[in-house]
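Residue numbers are given in full-length UniProt numbering: position 93 of the sequence shown equals residue 93, and the series is strictly consecutive.
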Amino acid sequence: MISDFSLVDTAALLIHGFGGEPFEMLGLAEALESFGCKVSVPLLPGHGTSIADWRKSSFSDLTMAMEQEFDALVQSHERVLVCGLSMGGTLALHLGIVREPAGVLTIAAPVHLFQFWPPEFPDWRMPLVPLLKHIRPVWPTGSPDPKARRIAPWKGYEEYVSLEALDSFLDGMRQVKMGLSKLEAPLLCVHSPCDRTVPLSSAYAIMSGVSSLERRLELLPIHETVTKHHVLTTHEETRDRVQELVEGFALKQLAE
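Structure below.
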């Protein structure tokens with residue numbers, strides 16, 4: 001990336017995903033900081049501490065925290081970009097709806113994780129979460145695959161998922177999806193066509209739902225068959241390209 005521009009007057013809010021930690025966004029943070037951009041990579045409420053804390057956190061807790069973080073950045077910077085991975089991308093979309101960021105970048109972001117028509121169920125249990133959370137609120141997910149972790153490093157809650165937090169997220173997703181037409185900021189949507197966590201139809205729903213005059217969908221194919229092709233910010237096949245796309249998007253907004 002040719003660094004003819006400086007991002008000194010620009011801040012970027014980078015938001016990690018469901019159950020994760022800022023670790024998955026650190027590569028992007030370093031890249032943007034090299035252009036002089038002020039970067040904030042907060043730990044989301046309920047994350048990075050304990051499963052008990054995660055169970056108590058709701059999607060509204062997350063949106064409130066990110067709104068406060070965005071407002072703090074706006075106080076001292078001419079423009080603020082928002083970028084998120086997975087659920088972090090959903091939160092970035094929320095900020096694009098309720099605030100006025102200079103740009104919104106989503107990476108493998110969901111506005112739905114399943115749909116009844118046309119039928120799409122990456123995980124058949126997902127529609128049952130509102131019921132299952134009362135039967136088994138902390139659901140075991142098994143041990144992580146060491147090979148998958150080498151290919152796409154990740155840090156966060158291991159072996160269990162809070163169905164209460166997931167149910168709140170599913171409801172939050174629906175609210176964000178219904179509000180997409182209010183998002184007018186420039187948008188870059190990055191997705192893998194073979195993502196086995198967030199269906200590609202979610203990216204198309206984002207692209208068709210927003211009112212942004214400038215919107216771009218970038219599809220990043222992945223060839224290995226070990227991971228779920230989801231953590232694009234650290235995946236060995238996509239992380240460099242994601243970094244290039246984010247840098248280019250940020251510099252383009254500055255140039256304009």
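Built from N, CA and C at the ideal position, the CB exists for glycine as well. Every value quoted in this text rests on a predicted model; they were computed, and no experiment measured them.
{"Check": "Buried or exposed (CB count within 10 angstroms, at least 16 for buried), glutamine 75", "Outcome": "exposed"}
{"Check": "Among Ser162, Leu166, His229 and Leu188, nearest to alanine 148 - alpha-carbon criterion", "Outcome": "His229"}
{"Check": "Identity of the residues DSSP links to leucine 85 by a beta bridge", "Outcome": "Ile107"}
{"Check": "Reduced DSSP category for methionine 1 - H, G, I as helix; E, B as strand; rest coil", "Outcome": "Reliability of the predicted coordinates at methionine 1 is poor, the pLDDT of 40 falling under 50, and no value is obtained from them."}
{"Check": "Alpha-carbon to alpha-carbon, threonine 234 and leucine 85", "Outcome": "11 Å"}
{"Check": "Residue burial classification, serine 211 (beta-carbon count within 10 angstroms, cutoff 16)", "Outcome": "exposed"}
{"Check": "Where the beta strand (DSSP E) containing tryptophan 117 begins and where it ends", "Outcome": "Premise fails: tryptophan 117 is in no beta strand (DSSP E) and is neither H nor E."}
{"Check": "Runs of alpha helix (DSSP H) lying entirely within the stretch 150–199, each at least 4 residues, in chain order", "Outcome": "163–178"}
{"Check": "Cα-Cα separation between isoleucine 97 and glycine 179, rounded to whole angstroms", "Outcome": "7 Å"}
{"Check": "According to DSSP, residues forming a beta bridge with glycine 20", "Outcome": "Gly156"}
{"Check": "Three-way DSSP call (helix, strand, coil) for isoleucine 15 in this model", "Outcome": "strand"}
{"Check": "Pairwise C-alpha distance: aspartate 171 and lysine 182", "Outcome": "18 Å"}
{"Check": "Counterpart residues of leucine 217 in DSSP-defined beta bridges", "Outcome": "Cys189"}
{"Check": "8 Å CB neighbourhood of proline 122 in its chain, flanking five on each side removed", "Outcome": "Leu113, Phe114, Arg196, Thr197, Val198 and Pro199"}
{"Check": "Methionine 64, buried or exposed, once every other Cβ within 10 Å from all chains shown has been counted against 16", "Outcome": "exposed"}
{"Check": "8 Å CB neighbourhood of alanine 250 in its chain, flanking five on each side removed", "Outcome": "Leu7, Thr10, Ala12, Leu32, Phe35, Cys37, Leu81 and Gly103"}
{"Check": "Terminal residues of the alpha helix (DSSP H) in which valine 138 lies", "Outcome": "That residue, valine 138, is in no alpha helix (DSSP H); its beta strand (DSSP E) goes 138–140."}
{"Check": "Histidine 191 to alanine 52 span [Cα, whole Å]", "Outcome": "31 Å"}
{"Check": "Helix, strand or coil at arginine 99 [DSSP, three-state]", "Outcome": "coil"}
{"Check": "Aspartate 167 burial status per 10 Å Cβ neighbour count (16 or more: buried)", "Outcome": "buried"}
{"Check": "Assigned exposure category for histidine 134 - 16 Cβ within 10 Å defines buried", "Outcome": "exposed"}
{"Check": "Reduced DSSP category for alanine 250 - H, G, I as helix; E, B as strand; rest coil", "Outcome": "helix"}
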